[in-house]
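Each step along the sequence shown adds one to the number in my numbering, with nothing skipped, and position 126 is 354.
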Amino acid sequence: MCLLLLLHVPAIAQDMPAVGATGWGLSVFKGTEPERFEVEILGSVKGMGSTGTTILARLSGAGLEHSGVQQGMSGSPVYIDGELIGAVMSTWGFAKDPIAGIRPIAEMRMLADDQRPADARSTMTPLVWAAEGFSTSAVEALGKTLGVRVQAAGGATSLNPSAGNLDPGEVMAVLLVNGDAKLFAAGTVTERIDDRILGFGHPFLSAG
């Protein structure tokens, strides 16, 4: 499958997918190559970190039945009948099944230049925070200060911001500290059209 074919997949403008509809998504679970996971639409709710409607879906495949919705899946593109409908945005830590909230792609496009406060931040799928060049104690201190789980990046290619072409389903990272030591937060690319890239599925750092 050529990921470049997904760059200009049309989006569902307003209609929500029907309950029971099935589709698929892309995300990186290991290494640098996006893998396919399966999606079943459960319904939709208003709000939940989205200014409009959040699509609810059960995910499966790629080991998600055992791991649940994983850290770093924020922004993973979801397709139904070959059409891009949105991006994985949120989950619930207490959920028995891997249930995800999906932000409609039409809303992501509309809000790309209109940043607003986020609601229901506690449900948002966390980004992967990675630090390179820090001591173990410094990494732990960073995590406590930021209120997130920070992992040592080392030579992990799956967290390397330059490892891919920023195609849908690939890892995208925002570099916050650069130099001898690096700190960045990583999620997933939802859509790329030329130099316009949408990802994460929710406001970065819950602030924009």
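Quick reminder that beta carbons are idealized off the backbone N, C-alpha and C, glycines included.
- It is roughly 21 angstroms from the alpha-carbon of residue 243 to the alpha-carbon of residue 327.
- Under the three-state reduction of DSSP, residue 366 is assigned to helix.
- The DSSP-derived three-state label of residue 374 is helix.
- If you draw a straight line from the Cα of residue 259 to the Cα of residue 246, it is about 34 angstroms long.
- In the structure shown, residue 295 adopts helical secondary structure according to DSSP, grouped into three states.
- One thing to note: residue 303 has its Cβ within 8 angstroms of the Cβ of residue 416.
- Taking a 10 Å sphere around the C-beta of residue 365, we find fewer than 16 other C-beta atoms and assign the residue as exposed.
- Secondary structure at residue 419: strand, using DSSP grouped into helix, strand and coil.
- Residue nearest to residue 307 within the set 357, 319, 332 is 332 (criterion: CA-CA distance).
- The beta carbon of residue 284 is closer than 8 angstroms to those of 269, 270, 271, 272, 273, 327, 328, 329, 330 in its chain, skipping five residues each way along the sequence.
- Taking each of 338, 253, 317, 257 in turn and checking the Cα distance to residue 309, the smallest one comes out for 253.
- Secondary structure of residue 334 (DSSP, three-state): helix.
- For residue 405, the uninterrupted beta strand (DSSP E) run begins and ends at 399 to 405, by DSSP.
- Collapsing the DSSP output to three states places residue 316 in a strand.
- The beta-carbon distance between residue 413 and residue 401, rounded to whole angstroms, is 7 angstroms. This is short enough to meet the 8 angstroms contact definition.
- Secondary structure of residue 247 (DSSP, three-state): coil.
- If you draw a 10 Å sphere on the C-beta of residue 420, you find 16 or more other C-beta atoms in it, and that means buried.
- Shown here, residue 302 sits in coil according to DSSP, grouped into three states, outside any helix or strand.
- With respect to the C-alpha of residue 289, the residue from 411, 255, 334 having the closest C-alpha is 255.
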